[in-house]
Amino acid sequence: MTFRKPWKIILAVTAASGEFKAKPHFHLKDTPENTLLLVDPDHDYLDWATKHLAADGLKILRCDSADKALKVIEKISVDLVISDIKLDPFDGVELLTKIRANSPDTIVMLTAVSPSTIQIIEATQKGAHDVLRKESVGFELRKIVESGLQTIDQRRELGPSSRELPGLVGKTSIVGVSRPLQDVMKIVGRVARSDAPVLVSGESGTGKELIARSVHEYSPRRKKEMLVINCGAIPDNLLESELFGHEKGSFTGAIARRPGRFEDCHESTLFLDEVGDLPPSVQVKLLRVLQDGTYSRVGSNEVLKSDVRIVTATNKDLASEVSAGRFREDLYYRLNVVEVSLPALRERQEDIGILAEFFLDRIARKNGTARMRLTGEAVEHLQKHNWPGNVRELENTMARACALSLNDILLPEDIPLGRGPSTGGGTLNDSLAVLIESSAKNGQSALSFARNELIRYALDQSEDDPKEAARLLGVSLPTLRKWMPSESDV
């Protein structure tokens, strides 16, 4: 990626207008002089930022390497550091760690051309005030520094901080560079180190379980495995036993005592996917666990305790479920201490090409084959699609393209986007016309063909979970099973 330097454009405009002539850009309080240290290997950037941030009451220092920055901090009290991540002889994240160790009250902000999700979480957990994309920093730097200076003023009013942040171990496979995704990663980095319940919301296929795993992997509980339950995939009469365990003879088929997930997950993280499908009886018991950490097995009065961190996910609007009386209001507020709202893939245009390349790499490694390549036109083709199935649909699309293509370079015509609407100008009438034509070719009535296609799509989106597929289609589970395509329809 070519790194554009927007500060050069701003510098030319502001210099021509005379903005730098003894005109401070900040409205600083009557406090001791603040010291800002800029660390970046690009001297053009340092020149621009020094002029751009000039203000009465702000002393600006600069250096071009991490070791020089540490020497400055050892000699001078620095309030705010803005550092590039890519430095020598060690990177900006390591510089952040060393600064926090030697000067814990110094605010550190990191910049990068395209900060990875791992860098964002790691930097946030190690105490970075913010992680910024270098391509947009030229337009935001003044506001960013003002925010940092306000934080310094607040700290001075409240007194010195003694808070220390834990170290970091772990990794995440979340892929993307878009601003909406980066904002999510910053929340993950902050919330992971606490035990607060987290509710991950978002459309089906956006990667809610990956976010839950990231929260766990960057938490103090990471030494133990996170357990996962899909609340919509387990029959209501068995879900309570699955979560809390049961005693021998407590119901038909209970031939022995069985521990539940809360016992298995002691001192770890339990991820409850599709928590909106919890039956009322289980909602009551889950609320009790969240309140005081106690529960009982099915068929027992013995009170057990478990230290479990709860992360939940849903593609339902739980607030609406509460209003409709299908979900307990008190449980909703217990689960929604911190909400992480995942953006749909159509809101992450910059990530579509990156994700497609990631899936092509993974497919090639899995199959032991040569990696297929995307043309620029193919990427544009992908970006025009609306992706109702989000990242999961994109992954399935790339797998289908690899399976069907005869070449190792994928052109737009090699990537079928038949399922789901496109933002490229197609209309509902166009889709209906294609559907009727396809039904005729398959020797089926249009209604039967459309119903079978909808069922296949719903099962694909729900990862072959019939209960979730029925919910997506707005029908009962028995109705879905009656409508399921027969082998002759496939």
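Residue numbers (this note's numbering): 1 to 490. Built from N, CA and C at the ideal position, the CB exists for glycine as well.
**Prompt:** So is N34 buried or exposed if we call it buried at 16+ other beta carbons inside 10 Å?
**Reply:** buried
**Prompt:** Would you call the CB atoms of V113 and K134 closer than 8 Å?
**Reply:** yes
**Request:** Buried or exposed for F327, please, with buried defined as at least 16 other CB atoms from any protein chain shown within 10 angstroms of its CB.
**Result:** buried
**Message:** Using a 10 Å radius around the Cβ and a threshold of 16 neighbouring Cβ atoms, would you call I255 buried or exposed?
**Reply:** exposed
**Prompt:** How is the beta strand (DSSP E) around F90 delimited, first residue to last?
**Reply:** Looking at the DSSP string, F90 is not in any beta strand (DSSP E), and its letter there is neither H nor E.
**Asked** Taking the alpha helix (DSSP H) that L454 falls in, what are its first and last residues?
**Response** A446 to Q461
**Prompt:** Between the beta-carbon of G232 and the beta-carbon of D277, is there less than 8 Å?
**Reply:** yes
**Asked** Using CA coordinates, which residue listed in R451, V175, S65 and T124 is at the minimum distance from F358?
**Response** V175
**Three-state secondary structure (DSSP) of V184** = helix
**Request:** Alpha carbon to alpha carbon, how far is Q461 from W387? Give it in angstroms, no decimals.
**Result:** 11 Å
**Prompt:** A66 and L87: beta carbons closer than 8 Å?
**Reply:** yes
**Request:** Check each candidate in A356, S448, R392 and L480 and name the one with the smallest Cα separation from G202.
**Result:** R392
**Message:** My parser needs the beta strand (DSSP E) runs of 3 or more residues fully inside the stretch 58–92; what are they?
**Reply:** 58–63 and 80–84
**Prompt:** Assuming A399 and I415 make a contact with CB atoms under 8 Å, what is their CB distance in whole Å?
**Reply:** No, A399 and I415 are not in contact; Cβ-Cβ is about 11 Å, not under 8 Å.
**Request:** Pair every Cβ in the stretch 77–84 with every Cβ in the stretch 103–111, then say whether three or more of these pairs are closer than 8 Å.
**Result:** yes
**Item:** Beta carbon of L331 nearer than 8 Å to that of L270
**Value:** no
**Asked** Taking C-alpha atoms, which residue in R190, I352 and V311 lies nearest to L335?
**Response** V311
**Asked** Short check: CB of Q150 to CB of V131, under 8 Å?
**Response** no
**Asked** If you pair each beta-carbon of the stretch 140–149 with each one of the stretch 178–193, do three or more pairs fall below 8 Å?
**Response** no
**Item:** Beta-bridge partners of R309, as assigned by DSSP
**Value:** T269
**Given G127 as reference, the closest of S136, G92 and S116 once Cα atoms are compared** = G92
**Prompt:** How big is the Cα-Cα spacing for M484 and E302?
**Reply:** 44 Å
**Message:** Considering only their Cβ atoms, is the gap separating G353 from L382 smaller than 8 Å?
**Reply:** yes
**Prompt:** Given I152, which residues of its chain have a CB within under 6 Å of its CB, disregarding the five upstream and five downstream residues?
**Reply:** D79
**Message:** Taking a contact to mean a Cβ-Cβ separation below 8 Å, would you say F262 touches S306 in this structure?
**Reply:** yes
**Prompt:** Starting from D130 and walking both ways along the beta strand (DSSP E), at which residues does that stretch end?
**Reply:** D130 to R133
**Message:** Quick check on T479: buried or exposed, where buried means 16 or more other Cβ atoms within 10 Å of its Cβ?
**Reply:** exposed
**Request:** Could you please give me the residues that DSSP links to L37 through a beta bridge?
**Result:** L61 and V81
**Message:** At the level of alpha carbons, what is the spacing between V322 and E329?
**Reply:** 6 Å
**Message:** Spatial neighbours of A49 within its chain, please: C-beta separation below 6 Å, excluding the five flanking residues on both sides.
**Reply:** L38
**Prompt:** Per DSSP, which one or two residues make a beta bridge with S201?
**Reply:** T314 and S341
**Request:** State the start and end residues of the unbroken beta strand (DSSP E) segment that holds N367.
**Result:** That residue, N367, is in no beta strand (DSSP E); its alpha helix (DSSP H) goes Q349 to N367.
**Request:** For my contact list, L342 and T375 are in at a C-beta cut-off of 8 Å; report their separation, rounded to the angstrom.
**Result:** That pair is no contact at about 29 Å.
**Prompt:** In three-state DSSP terms, what is A112?
**Reply:** strand
**Asked** So, using beta-carbon positions, are N390 and L360 closer together than 8 Å?
**Response** no
**Prompt:** What three-state label does DSSP hand I107 in the structure shown?
**Reply:** strand
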